[in-house]
Ligand code: NFS
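Residue numbers (this note's numbering): 14 to 687.
Shown next, in the form of C-alpha cells:
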C-alpha cells in the first residue's frame with residue numbers, strides 16, 4: 014500500500030516506507046488484513062447482549078427482522094450506541110475521579126508529591142461551589158473542593174453541580190426532555206441497566222438516557238477533570254512548542270509519554286528536570302533528557318509545560334519504529350495493545366503504569382499517586398538504561414517538525430481578545446455580529462485507519478477557515494493541525510478568509526486555537542457559556558453561530574463527546590458514520606428530531622466536504638435567525654443545504670461486504686433508503 018494512501022503526514026509516510034523493511038505491522042496493516050469488515054457490525058445490526066445470540070438483523074428485509082428475544086433493528090442499534098456512550102463517559106469520568114483524588118491528597122498532606130500550582134483558580138472554583146474562602150488555607154480549600162467534586166460521582170440526586178454553568182434556557186430544555194444529569198456513576202449504571210436484555214425496549218427513550226450520560230460526562234466528569242487539573246498543574250497560557258516525529262532528539266534520551274492523565278505525565282516532566290537524572294543521562298552518553306507526548310497527554314504537557322508533541326493517535330507505533338525512542342510510558346486510554354510488539358523491532362521499552370491498564374509484553378511500574386516522584390524517577394532511570402542499548406545505525410528520525418502555539422482556554426481567551434484592561438469576549442461577539450467572523454467551530458477527536466490519517470481534519474479546518482470560521486481544537490485533531498503548521502499563527506493566517514484575518518490580526522490571536530485534550534472539550538462548552546453571557550449573538554448555546562465536528566472519530570469517548578455537544582445545542586458533524594445506519598428510527602432521531610429537544614443535531618457522514626457544507630449552513634442558519642449582519646466578505650460560494658436528505662451513506666475505505674462469513678452476494682452493505 015502506498016503510504017500516501019495511509020497518511021497525509023510526510024513524517025508518517027517516511028516511517029511507513031520503513032516499516033515494511035523492519036517487518037513491523039502497524040494499525041494500517043492490521044486494518045487491511047481484516048477486510049472486508051463486518052457489514053452487520055458496521056450498520057449496528059449485530060446484537061450480543063444475551064447468550065441466545067449473537068443475532069443479526071438483515072438490513073435488506075430479506076432475512077431475520079428481529080433477534081431471538083424480539084428486539085428489532087432500532088432497539089439493537091440504539092442499545093449498541095448507548096453502550097458505547099456509557100463506556101466513553103466512564104473513561105472520561107474515571108479520569109476525572111483520579112484527578113479529584115489527587116487534589117484531595119494534595120490538600121491533605123504537604124508531602125503528597127503534588128501541590129496547588131494555581132491557587133487563584135482554586136479560590137475561584139471554591140467560590141463557585143459555595144465554599145467559604147476567607148481566611149482559609151489553600152490546602153483546606155482543596156480538600157473541601159475535592160470532596161464536593163467527588164460527591165458528584167456518587168450523587169443519587171440531580172442536577173449535577175457543574176451543569177449549573179449551562180444557561181437557563183438550556184437547563185430548561187434538559188428538564189423538559191428528562192435528560193438533566195444526576196450523579197455521574199448513577200447515570201452510567203442506569204444506562205447499562207437499561208441496555209441489559211429485556212429492559213428498555215424503546216430506542217428513543219434509550220437514546221435520551223444515553224444523552225443524560227453524555228451530559229454527565231461533558232458537564233460533569235470531563236469538566237471536573239479539567240478544573241481540578243488546572244488547580245493542580247496550572248491554568249494554561251498560550252505557549253510555543255513543536256510537533257511531529259522530528260521532535261525526537263537523536264543525541265538525547267527520548268521518553269515518550271502516551272495516554273491521558275497528567276498526574277503521570279507532569280511527574281515525568283518534573284523528574285526529567287532533576288539534576289541527578291540529567292547527570293545520569295549524560296553518564297550514559299546522552300546529551301540530555303527529551304520528553305515528548307503522544308495523544309491527549311501530549312496536549313496536557315504541551316499546554317502547561319511547552320513539551321513537544323511527537324504525534325497523534327496513529328503516530329504511536331510510528332514513533333517506536335524510528336528506533337530513537339528509548340522508553341514509552343503509558344497510562345490509560347487510546348494505548349494500542351500492539352505497542353510492545355512494535356517496540357521489539359528496536360531497543361525501545363514500553364512501560365505501563367496503571368493498575369487499570371496492564372499491557373502484556375510491557376514492563377510495569379506501578380504509578381502510585383501517593384508516591385509519584387519515585388515512580389517517575391524509576392521510569393526515567395529505565396529510559397537512561399535503555400539508551401545504552403540504542404543502535405544509532407538503526408535510528409531514522411523523519412526531519413519533520415513544525416512550530417506551533419497552543420494553550421488557549423476559556424479563562425485566558427478574554428485576555429488575548431481584549432487585552433489586559435478590556436479583557437472579555439466582546440471583540441469576538443462584535444466580530445461575529447458584524448459579519449467578519451461567521452462563527453466558531455470546535456473540531457476535535459481522533460485518527461481512524463478508515464480515513465487517510467489527518468486528511469479529514471485538515472480539509473475541514475481549511476474549508477472553514479476560508480469561510481471566516483474561527484476554529485477551536487482539542488485532542489488528536491489539534492495535533493493534526495499542529496503537524497500541518499496550522500497552529501503557527503502567521504502561516505494559518507495565509508489560509509483564512511479576509512474577515513477572520515482582519516480580526517485575528519487586530520486582536521492578535523491565531524485563527525486556529527488549540528484548547529487542550531479531549532476532557533478539555535469542556536473548555537469549549539465554557540467558551541459557549543461565556544459567549545451567551547457576553548450577549549448579542551444568542552441567548553442559548555443552540556442560538557450561537559457555533560458548530561462542532563469529529564472528522565476522524567475512532568473511540569467510544571468520541572461518540573459520547575458528540576452526543577453531549579448535540580445535547581447542549583451544538584450541531585455536530587461526526588465521521589465516520591457511527592454504527593447507526595441500520596436503523597431509520599435512530600438516524601431520524603439523532604440527525605433531525607433531537608433538534609426540537611436540544612437545539613442541536615448530528616450530521617453523520619463519511620464525506621468531509623458534506624460536513625463542511627453542513628457546518629457552514631448551520632452557522633448561516635443561526636446567523637439569519639439572529640438577524641446578524643450579512644457576511645462582509647461573502648465570496649458567493651453556495652454553502653449547502655442545512656436539511657440534508659436521509660440517503661444511504663458513502664462508505665469509508667474498507668467496507669465492501671457484509672462480512673461475518675456472508676458473501677458479497679447482495680453487493681455493498683448499504684443501509685436502506687429512509
Ligand atoms: Ni480523544 Fe485522547 Fe486521540 Fe481520540 Fe484518543 S487520544 S481523549 S479518544 S485518539 S482524540
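Cβ atoms here follow ideal geometry from the backbone N, Cα and C, with glycine treated the same way. Here the structure is a predicted model, which is why all the values come from computation and not from measurement.
Residue environment analysis places residue 466 among the buried positions, since at least 16 neighbouring C-beta atoms fall within 10 angstroms of its C-beta.
Rounded to the nearest angstrom, the gap between the Cα atoms of residue 453 and residue 483 is 5 Å.
According to DSSP, residue pairing for residue 303 in a beta bridge involves 267.
Around the Cβ of residue 165, a 10 Å sphere holds 16 or more other Cβ atoms; the residue is buried.
Here DSSP, grouped into helix, strand and coil, assigns residue 166 to helix.
Counting the other Cβ atoms within 10 Å of the Cβ of residue 434 gives fewer than 16, which makes it exposed. The beta carbon of residue 270 sits no closer than 8 Å to any heavy atom of the ligand NFS. Between the beta-carbon of residue 372 and that of residue 365 there is about 4 Å, and that keeps the pair under the 8 Å contact cut. Shown here, residue 451 sits in coil according to DSSP, grouped into three states, outside any helix or strand.
Residue 407 holds the alpha-carbon nearest to the alpha-carbon of residue 34 among 191, 343, 407, 619.
C-alpha of residue 90 to C-alpha of residue 610: approximately 21 Å in a straight line. For residue 202, the enclosing alpha helix (DSSP H) has its first and last residue at 197 to 208.
Secondary structure of residue 464 (DSSP, three-state): coil.
For residue 638, the number of other beta carbons within 10 angstroms of its own is below 16, and it is reported as exposed. When DSSP assignments are scanned along the stretch 460 to 534, the uninterrupted stretches of beta strand (DSSP E) that are 3 or more residues long and fall wholly within it turn out to be 482 to 486, 525 to 527.
Judged by DSSP secondary structure, residue 574 falls within the alpha helix (DSSP H) whose first and last residues are 569 to 580. As a beta-bridge residue in DSSP terms, residue 364 pairs with 342, 376.
Ranked by Cα distance from residue 330, the options 42, 625, 630 are led by 42. Burial of residue 569 is indicated by the presence of at least 16 other C-beta atoms within 10 angstroms of its C-beta. Leaving aside the five residues that flank residue 412 on each side, the residues in its chain whose CB is nearer than 7 Å to its CB run, in chain order, 259. Here the distance from the Cβ of residue 236 to the nearest heavy atom of the ligand NFS is not below 8 Å. Within a 10 Å sphere around the beta-carbon of residue 26 sit 16 or more other beta-carbons, which makes this residue buried. Residue 79 sits in a strand when the DSSP states are folded into three classes.
DSSP places residue 117 within a helical segment (H, G or I) once states are collapsed to three.
In the three-state reduction of the DSSP assignment, residue 155 falls in the helix class, which pools H, G and I.
At a Cβ-Cβ threshold of 9 Å, residue 349 and residue 37 do not count as neighbours. Here residue 180 really is in contact with residue 554; their C-beta atoms are around 7 Å apart, less than 8 Å.
Beta-bridge pairing by DSSP links residue 322 to 256, 306.
Distance from residue 109 to residue 237 at the Cβ level is roughly 5 Å; contact confirmed, criterion being Cβ atoms closer than 8 Å.
Under the three-state reduction of DSSP output, residue 434 falls in the coil class, being neither helix nor strand.
For residue 400, the enclosing alpha helix (DSSP H) has its first and last residue at 385 to 400. In the DSSP annotation of this structure, residue 349 is not part of any alpha helix (DSSP H), being labelled neither H nor E.
Assigned with DSSP and collapsed to three states, residue 85 falls in strand. Relative to the non-hydrogen atoms of the ligand NFS, the Cβ of residue 486 never comes closer than 8 Å to any of them. Residue side-chain check: residue 309 places its Cβ nearer than 8 Å to a non-hydrogen atom of the ligand NFS.
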